[in-house]
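In our numbering, the protein residues as written are 1 to 231.
Right, dumping it as structure tokens:
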């Protein structure tokens with residue numbers, strides 16, 4: 001601060017003498033001139049970084065951290081959505097592949113059944129026919145010889161005697177010869193020799209019908225029953 005004192009002016013650093021020139025203007029003396037020195041001010045750089053720990057530094061760090069966390073959360077959400085979409089697409093594709101495989105298996109099974117089922121049915125029929133033929137051969141062999149055939153034929157022919165009233169029994173002559181004459185008389189039935197009947201066969205005649213007691217007829221009935229109900 002300058003204070004005009006006429007021939008003197010005061011400075012904060014002290015008082016210095018002065019003189020005037022011809023025009024009356026004050027001219028500082030050399031001592032006074034040496035009292036004035038240039039003052040330098042430190043330049044203010046607005047772009048200079050704040051030091052760690054300063055309020056500006058802390059505030060900037062907080063803002064940057066917040067924006068970084070938000071960006072990371074957004075990126076994670078996008079990635080999660082992409083992964084969920086990829087998983088859903090994979091599940092759809094896997095389900096489609098599974099359904100395709102099941103369809104192929106069903107088609108193959110249908111084709112297999114179409115080929116195998118008739119073969120199995122035919123094999124069952126062949127086995128059934130073979131079993132009946134084997135039984136027929138065994139029974140025919142056992143019943144076509146000696147007293148066994150005659151007794152078996154007589155037993156079958158008299159099976160319905162009590163209920164239907166047997167009128168006559170036709171049998172192979174050889175079978176009749178094998179039977180005891182006394183036994184034939186005790187039955188109270190008329191026996192008729194019939195050479196058309198095989199050994200072991202018999203036909204019982206009733207008042208209102210007859211009973212076919214032939215072995216072949218019995219096996220045929222058994223075969224029909226087995227064919228109708230294989231179980």
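Note that beta-carbon positions come from the ideal geometry of N, C-alpha and C, so glycine has one too. All values reported here derive from a predicted model rather than from experimental measurement.
Opposite residue 205 in the DSSP bridges: which residues?
Here residue 205 is taken as the residue at index 205 of the chain shown, counted from 1. Answer is 168 and 210.
Where do the N-terminal and C-terminal ends of the alpha helix (DSSP H) with residue 173 fall, by residue?
Here the question's residue 173 lines up with position 173 in the chain shown. Taken as a continuous stretch (DSSP letters only), the alpha helix (DSSP H) holding residue 173 covers 173 to 178.
Based on the DSSP secondary-structure assignment, which residues constitute the bridge partners of residue 70?
For the purposes of this step, residue 70 is identified with residue 70 of the chain shown, where counting begins at 1. Note: residue 70 sits in no beta bridge, so no partner.
Consult DSSP for residue 79 and reduce its assignment to one of helix, strand or coil.
Here residue 79 corresponds to residue number 79 of the chain shown, with the count starting at 1. DSSP places residue 79 in helix when its eight states are reduced to three.
I'd like the list of long-range same chain contacts for residue 174, defined as Cβ closer than 7 Å, with 5 residues on each side in sequence excluded.
In the chain shown, counting from the first residue as 1, residue 174 sits at position 174. Closer than 7 Å at the Cβ level, and outside the excluded window around residue 174, lie 199.
Other residues of its chain near residue 114: CB distance less than 8 Å, five sequence neighbours each side excluded
Against the chain shown, residue 114 aligns to sequence position 114. Within the same chain, residue 114 has no close Cβ partners at all.
Just the C-alpha distance for residue 210 and residue 169, rounded to the nearest angstrom, thanks.
Against the chain shown, residue 210 aligns to sequence position 210. Against the chain shown, residue 169 aligns to sequence position 169. C-alpha separation (whole angstroms): 9 Å.
In this structure, how does DSSP classify residue 118 when only helix, strand and coil are distinguished?
Locating residue 118 in the chain shown gives position 118, where the first residue counts as 1. DSSP places residue 118 in helix when its eight states are reduced to three.
On the DSSP bridge list, what partners appear for residue 193?
Counting from 1 along the chain shown, the entry for residue 193 is found at position 193. Under DSSP, residue 193 takes part in a beta bridge, and its partners are 171.
Classify residue 217 as helix, strand or coil using the three-state DSSP reduction.
By 1-based counting over the chain shown, the position of residue 217 is 217. Correct three-state label for residue 217: helix.
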